[in-house]
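Going by the numbering used here, the letters in the sequence shown line up with residues 29 to 275, in that order.
Here's the structure, in structure tokens; my notes come after.
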Amino acid sequence: DALTVANNHTVWNSEGWGLQAFLDTLDAMEGHGMPYFGGGRNISAARAPLVFELAGQRIAFLGIDGVTANYEVEPGTINGVLDFDAGATADRPGTNPFLMSQVLEDISAATSVADIVIPYFHFGAEYVSVVPDWAAAAARAAIDAGATMVVTNHPHVNQGMEVYAGRPIVYSPGNFILDQMWAAEVRSGYILEIDFRGTRIVGLRIHGVEIEEFHQPRPMSAGEQATLLDRFWAASDRLAARDGLTI
């Protein structure tokens, strides 16, 4: 129903496709009536929430690029941040940058137009099962600013979850469609199902997927899902042990 473009795959690319490819992507989505968020033809569009109405509730999504438009964290592999600026400006297309004062302002503003607000951060170190300190701090700050829950992605492996101030933060569901077949951790991920009663989250369900033939996700078997959940809870336990929060 919608796509986030707040990630390091939309503007930055080692092949140098750059802004023209990003604009081509926006044209294609708009031509096919596909809503998107987290980027746009200028900073106002990139920061704007995408709001759906479902069962009488308004749900707002915000996309934030903490990899190729991170204005606060030092670039480097350990932080998962590239030394590149894909961020949109008043007169340049791009992604919605990771600038926490701005992100928190947008989350707070979204609470006035939606009943449920879900920021979707693209950040974290690749292939590491525990989220970096700075990223966890950002997710928790988003909850403090009024987010109903937080979801993140980028590391290519699942990173578990935590509950902060009574609200869930789900870190990196892992890969869904990607040509990484070299380990079980990267050729798997999950679909996150979120159950609401009114505006209150009453359930999270994980539906594991296994990638075959470099591109094709399929539902996991029961045994595969059990292994995925072992990794999920191990990552959650490691985060809780590090930071002293609940899972």
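Note that CB positions come from ideal geometry on N, CA and C, so glycine has one too.
Predicted, not measured: the structure shown is a model, and the values here were computed from it.
Helix, strand or coil: how does DSSP classify Ser216 here? strand
Considering Cα atoms alone, identify which of Ile106, Arg86, Pro125, Ala118 is closest to Glu100. Pro125
Where Met248 sits in the DSSP three-state scheme: coil
With a 10 Å radius around its C-beta and 16 neighbouring C-beta atoms as the bar for buried, classify Pro247 as buried or exposed. exposed
Extent of the continuous beta strand (DSSP E) to which Leu206 belongs: Leu206 -> no beta strand (DSSP E), and no H or E assigned at all.
So Val159 and Val185 are supposed to be a Cβ contact under 8 angstroms. How far apart are they, rounded? No, Val159 and Val185 are not in contact; Cβ-Cβ is about 11 angstroms, not under 8 angstroms.
Between the C-alpha atoms of Ala173 and Ala114, what's the straight-line distance to the nearest angstrom? 25 angstroms
How many angstroms separate the CA atom of Arg168 from the CA atom of Gly226? 23 angstroms
Sheet register partners of Met128 (DSSP bridge): Note: Met128 sits in no beta bridge, so no partner.
Tell me whether the beta-carbon of Ala34 lies closer than 9 angstroms to the beta-carbon of Phe80. no
Residue environment, Gln48, which counts as buried when at least 16 other CB atoms sit within 10 Å: exposed
Alpha carbon of Thr38 to alpha carbon of Ala164, nearest angstrom: 24 angstroms
Local conformation of Leu110 per DSSP, three classes: coil
With a cut-off of 9 angstroms, does the C-beta of Arg259 fall near any C-beta of chain B? Within the model displayed, chain B is absent; a lone protein chain is all it includes.
In the DSSP assignment, the alpha helix (DSSP H) including Arg69 goes from what residue to what residue? Per DSSP, Arg69 belongs to no alpha helix (DSSP H) and is neither H nor E.
Can you give me the start and stop residues for the beta strand (DSSP E) that Asp93 sits inside? 85-98
Contact check, Val198 vs Phe151, beta carbons under 9 angstroms: no
Tell me, please, which residues DSSP counts as bridged to Pro201. Note: Pro201 sits in no beta bridge, so no partner.
If you draw a straight line from the alpha carbon of Tyr218 to that of Tyr148, how long is it in whole angstroms? 16 angstroms
Return helix, strand or coil for Phe151, following the three-state DSSP convention. coil
Quick one: give me the first and last residue of the alpha helix (DSSP H) that Thr53 is part of. 46-59
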